[in-house]
Amino acid sequence: MTQHPSPTTNAGNLRAWLGLLVVLGPVLLVSMDGSILFLAMPRVSQALSPSADQALWTLDIYGFAVGSLLIAFGSIGDRYGRLRLLMIGATFFGLGSAAAAFAPTPELLIAARAVTGIAGATLLPSALAVLSELFTDPKRRAQAIGIFAAAFAAGFAIGPVIGGVLLERFWWGSVFLINLPVIVGFLCFAPVLLGEVRATRPGRIDTASVVTSAVGLLLAIYGIKHAATQGLTVTAMATVLAGIAVLAWFGLRQRRLEHPLIDFSLFRDRIFTVAVITGLLPLAAWSAAAYLAGIYLQSVLDVPVLQAALWALPGAVALTTTCIATPLVVDRVGKRAALLVCHFSIAAGLLLLLPTTITGGIGWYVASTAVAGLGYGISFAVVADTAVAAVPPERAGSAGAIAETSNEIGNALGIALLGSLAALLFRLQGPDLAPTLDETLQLPELTAATVTDAKSAFLTGLHVAAAAASVLHLILGLVALRWLLRPAKVTAAENETAETR
Numbered sequence: 020m021t022q023h024p025s026p027t028t029n030a031g032n033l034r035a036w037l038g039l040l041v042v043l044g045p046v047l048l049v050s051m052d053g054s055i056l057f058l059a060m061p062r063v064s065q066a067l068s069p070s071a072d073q074a075l076w077t078l079d080i081y082g083f084a085v086g087s088l089l090i091a092f093g094s095i096g097d098r099y100g101r102l103r104l105l106m107i108g109a110t111f112f113g114l115g116s117a118a119a120a121f122a123p124t125p126e127l128l129i130a131a132r133a134v135t136g137i138a139g140a141t142l143l144p145s146a147l148a149v150l151s152e153l154f155t156d157p158k159r160r161a162q163a164i165g166i167f168a169a170a171f172a173a174g175f176a177i178g179p180v181i182g183g184v185l186l187e188r189f190w191w192g193s194v195f196l197i198n199l200p201v202i203v204g205f206l207c208f209a210p211v212l213l214g215e216v217r218a219t220r221p222g223r224i225d226t227a228s229v230v231t232s233a234v235g236l237l238l239a240i241y242g243i244k245h246a247a248t249q250g251l252t253v254t255a256m257a258t259v260l261a262g263i264a265v266l267a268w269f270g271l272r273q274r275r276l277e278h279p280l281i282d283f284s285l286f287r288d289r290i291f292t293v294a295v296i297t298g299l300l301p302l303a304a305w306s307a308a309a310y311l312a313g314i315y316l317q318s319v320l321d322v323p324v325l326q327a328a329l330w331a332l333p334g335a336v337a338l339t340t341t342c343i344a345t346p347l348v349v350d351r352v353g354k355r356a357a358l359l360v361c362h363f364s365i366a367a368g369l370l371l372l373l374p375t376t377i378t379g380g381i382g383w384y385v386a387s388t389a390v391a392g393l394g395y396g397i398s399f400a401v402v403a404d405t406a407v408a409a410v411p412p413e414r415a416g417s418a419g420a421i422a423e424t425s426n427e428i429g430n431a432l433g434i435a436l437l438g439s440l441a442a443l444l445f446r447l448q449g450p451d452l453a454p455t456l457d458e459t460l461q462l463p464e465l466t467a468a469t470v471t472d473a474k475s476a477f478l479t480g481l482h483v484a485a486a487a488a489s490v491l492h493l494i495l496g497l498v499a500l501r502w503l504l505r506p507a508k509v510t511a512a513e514n515e516t517a518e519t520r
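The sequence shown begins at 20 in my numbering and counts up by one.
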């Protein structure tokens, strides 16, 4: 006798899928806000005239705030309730977005971006925990988490495209106001469709670890930025050393805590370590390349912002499609082979930026984003699952949080480090009239030779940053290749031993 699902079961399934739809809104916004300014920065520079380091902080303070607080807010949600934290976080995300849209100065824009980053850190881990509660069937839960990952990847990819479309018709603040309708919808429907989730045994939240991890990162990166834009001064060196010292103290403290913010012992597993680095490095390369390429298209080649957004679309499609298709392919080829393709395709894609010139290179840019997009999509799809599978089940939660954190920190570090490298080369090789290309081009009475020198200096910075990221991916790809081959050698040795017996 065939059994049919009861009306209660159907209603529960419908509620679960509607709950997923509601959750995907904030998830898409959190990832999209990490990249939506890439094409908008030339407009922001014209309106607010930020300095070189202020422009970089505007871009990456958001990623640092999200990445440095993800694990901490995961523990807070366990203790006080995921839905409650989602509602609070979404409210402040909306308020921060509105403040950013109407910020009159670079300082206030940076502050508003920090608020949205802190709020974003409350949303990701809580949204994932709520999904686990909505979908009790393991198969459907896996499907929901796959959709969650695809939406997160799509947000990063389509951020610059949406930003470009908005900027064609509206002022730069519109890239933040687009968040508000989604947030309002979430606040209306979430209490109805989502249930509260708490962990049965929440770990202790160590405030000192939260503060020192964030402060150490910010000090170190501020020093690097200062050195890139102002030169290797005593202030820059002292700030970097202070940041390193704080991070070292943070690491030592984690070893003594019963419930550490980051369980560094997990990194003893080489598979876990490679997976986490694979979460960090591709995002660093992608964010830096997207940011610098946005300036290249608009300020070097004088491409209108909407057209620049459309040229970014093939890379966004490649990234999102690969992210969705990768889990199906991985079942056939394995995660190790997928990670190998990830790093070598990103390395090849970045190298395709090197033939670009100050008079042309759009074709090379599109090819670069499409080829590298394959690798970026793979990294989104397999990193968290690979990291979690590499550790014992009782440590899976910590492993997953570290994997998510590596994505956000990578997004911020790419702009901070590779962006600072490009800024340093512009300062050393440019006409020395202003610290950035956009500021230089806004100066009055520039000669054609000066404009050419400024654009050439910026392009040199772009090329060096892309080449550096490509080399890092080649190195990590070789590490993954060694990891890929090692299990085969072990299996062969085991077979030989068995035959001898």
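The beta carbon of each residue, even a glycine, is placed where N, CA and C say it ideally should be.
Please read these numbers as outputs of a predicted model, since none were measured by experiment.
How many Å lie between Ile-290 and Phe-175 at the Cα? As a first step, residue 290 is located in the sequence shown; it is residue number 271 there, counting from the start. As a first step, residue 175 is located in the sequence shown; it is residue number 156 there, counting from the start. Taking the straight line from one Cα to the other gives about 26 Å.
Taking DSSP as the reference, what is the three-state secondary structure of Gly-380? As a first step, residue 380 must be located in the sequence shown, where it is residue number 361. Gly-380: coil per DSSP, three-state reduction.
To the nearest angstrom, how far is it from the Cα of Leu-347 to the Cα of Tyr-395? For the purposes of this step, residue 347 is identified with residue 328 of the sequence shown, where counting begins at 1. For the purposes of this step, residue 395 is identified with residue 376 of the sequence shown, where counting begins at 1. Approximately 16 Å, taken between the alpha carbons.
Looking at Ser-591: is its Cβ nearer than 7 Å to the Cβ of Val-390? Because residue 591 is not part of the residues shown, which for the chain are 20 to 520, the question remains open.
Measuring CB to CB, does Leu-280 end up less than 7 Å from Gly-262? Position 261 of the sequence shown, counted from the start, is the residue given in the question as residue 280. Position 243 of the sequence shown, counted from the start, is the residue given in the question as residue 262. No, the pair does not count as a contact, with Cβ atoms beyond the cut-off.
Note the first and the last residue of the continuous alpha helix (DSSP H) segment covering Ile-290. For this step, residue 290 is matched to residue 271 along the sequence shown. Where Ile-290 is concerned, the enclosing alpha helix (DSSP H) stretches over 289-314.
Using 8 Å as the threshold, is the segment 470-483 in touch with the segment 440-448, meaning 3 or more CB pairs across them? yes
Reference Lys-474, options Ser-145, Phe-112 and Leu-452, closest by Cα: Within the sequence shown, the letter at position 455 stands for residue 474. The candidate whose alpha carbon is nearest that of Lys-474 is Leu-452.
Residues near Leu-338 in its chain [Cβ-Cβ closer than 7 Å; skip 5 each side]: Along the sequence shown, one-based indexing puts residue 338 at 319. For Leu-338, where only same-chain residues beyond five positions count, the Cβ hits under 7 Å are Ala-172, Ala-176, Gly-392, Tyr-395 and Gly-396.
Could you give the residue range of the alpha helix (DSSP H) that holds Ile-202? Translated into the one-based positions of the sequence shown, residue 202 becomes position 183. Taken as a continuous stretch (DSSP letters only), the alpha helix (DSSP H) holding Ile-202 covers 198-212.
With DSSP collapsed to three states, give me the class of Trp-268. Indexing the sequence shown from 1 puts residue 268 at position 249. The answer is helix: DSSP assigns Trp-268 an H, G or I state.
Limits of the unbroken alpha helix (DSSP H) element including Ile-365: Numbered from 1 along the sequence shown, position 346 holds the residue referred to as residue 365. That run of the alpha helix (DSSP H) goes 354-370.
Buried or exposed: which applies to Asp-52, given that a residue is buried once 16 or more other Cβ atoms fall within 10 Å of its Cβ? Taking the sequence shown and counting its residues from 1, the one referred to as residue 52 is at position 33. Counting Cβ neighbours within 10 Å, Asp-52 comes out buried, since at least 16 surround it.
Considering only C-alpha positions, which residue in the set Arg-132, Thr-345 and Thr-258 is nearest to Val-360? Here residue 360 refers to the residue found at position 341 when the sequence shown is read from its first residue. Selected option, being the one with the closest Cα: Thr-345.
Just the C-alpha distance for Val-180 and Arg-272, rounded to the nearest angstrom, thanks. For the purposes of this step, residue 180 is taken as residue 161 along the sequence shown, with counting starting at 1. For the purposes of this step, residue 272 is taken as residue 253 along the sequence shown, with counting starting at 1. Cα to Cα, Val-180 sits roughly 42 Å from Arg-272.
Minimum C-alpha distance to Ile-377 - residue among Ala-357, Phe-111 and Tyr-315: For this step, residue 377 is matched to residue 358 along the sequence shown. Residue Tyr-315 is the option with its Cα nearest to Ile-377.
For the alpha helix (DSSP H) that Ala-442 lies in, which residues bound it at each end? Taking the first residue of the sequence shown as 1, we reach residue 442 at position 423. Where Ala-442 is concerned, the enclosing alpha helix (DSSP H) stretches over 438-448.
Decide yes or no for the touch test of the segment 118-129 against the segment 31-50: beta carbon pairs closer than 8 Å, at least 3 of them. no
Delimiting residues of the alpha helix (DSSP H) encompassing Ile-107: As a first step, residue 107 is located in the sequence shown; it is residue number 88 there, counting from the start. First-last of the alpha helix (DSSP H) with Ile-107: 101-120.
Applying the 10 Å Cβ sphere with the 16-neighbour rule, what's the burial state of Leu-251? Numbered from its first residue, the sequence shown carries residue 251 at position 232. By the neighbour-count rule (16 or more Cβ atoms within 10 Å), Leu-251 is not buried but exposed.
In angstroms with no decimal places, state the Cα-to-Cα distance between Asn-198 and Leu-325. For the purposes of this step, residue 198 is taken as residue 179 along the sequence shown, with counting starting at 1. For the purposes of this step, residue 325 is taken as residue 306 along the sequence shown, with counting starting at 1. Approximately 20 Å, taken between the alpha carbons.
Sequence-distant residues of its chain with Cβ nearer than 8 Å to Val-319 (five each side left out): In the sequence shown, residue 319 corresponds to position 300, counting from 1. Closer than 8 Å at the Cβ level, and outside the excluded window around Val-319, lie Ile-377, Leu-456, Lys-474, Phe-477 and Leu-478.
Whole-angstrom distance between Ala-71 and Thr-135, CA atom to CA atom: Here residue 135 is taken as the residue at index 116 of the sequence shown, counted from 1. Here residue 71 is taken as the residue at index 52 of the sequence shown, counted from 1. Rounded to whole angstroms, Thr-135 to Ala-71 spans 22 Å at the Cα level.
Let me know the secondary structure DSSP gives Gln-461 once reduced to three states. One-based indexing of the sequence shown puts residue 461 at position 442. Coil.
Looking only at its own chain, which residues have a Cβ that is under 8 Å from the Cβ of Arg-220, when we skip the five neighbours before and after it? Residue numbering aside, residue 220 sits at position 201 when the sequence shown is read from its first letter. Confidence at Arg-220 is low in this model, with a pLDDT of 45, below 50, so the placement of that residue should be treated as unreliable; the coordinate-derived value is given next. For Arg-220, where only same-chain residues beyond five positions count, there are no Cβ hits under 8 Å.
Boundaries of the alpha helix (DSSP H) in which Ser-64 is found, first to last residue: Here residue 64 refers to the residue found at position 45 of the sequence shown. Run containing Ser-64: 60-67, per the alpha helix (DSSP H) assignment.
Under the rule that 16 or more other beta-carbon atoms within 10 Å means buried, what is Val-85, buried or exposed? Translated into the one-based positions of the sequence shown, residue 85 becomes position 66. It counts as buried.
Neighbour-count burial assignment, Cys-342, 16 or more Cβ in a 10 Å radius: Stepping through the sequence shown from its first residue, residue 342 is reached at position 323. That one is buried.
In whole angstroms, what separates the C-alpha of Leu-78 from that of Leu-56? Numbered from its first residue, the sequence shown carries residue 78 at position 59. Numbered from its first residue, the sequence shown carries residue 56 at position 37. C-alpha separation (whole angstroms): 7 Å.
Same chain only: Cβ atoms within 7 Å of Ala-309, ignoring 5 sequence neighbours per side: Along the sequence shown, one-based indexing puts residue 309 at 290. The answer, listed in chain order, is Ser-54, Phe-57 and Pro-179.
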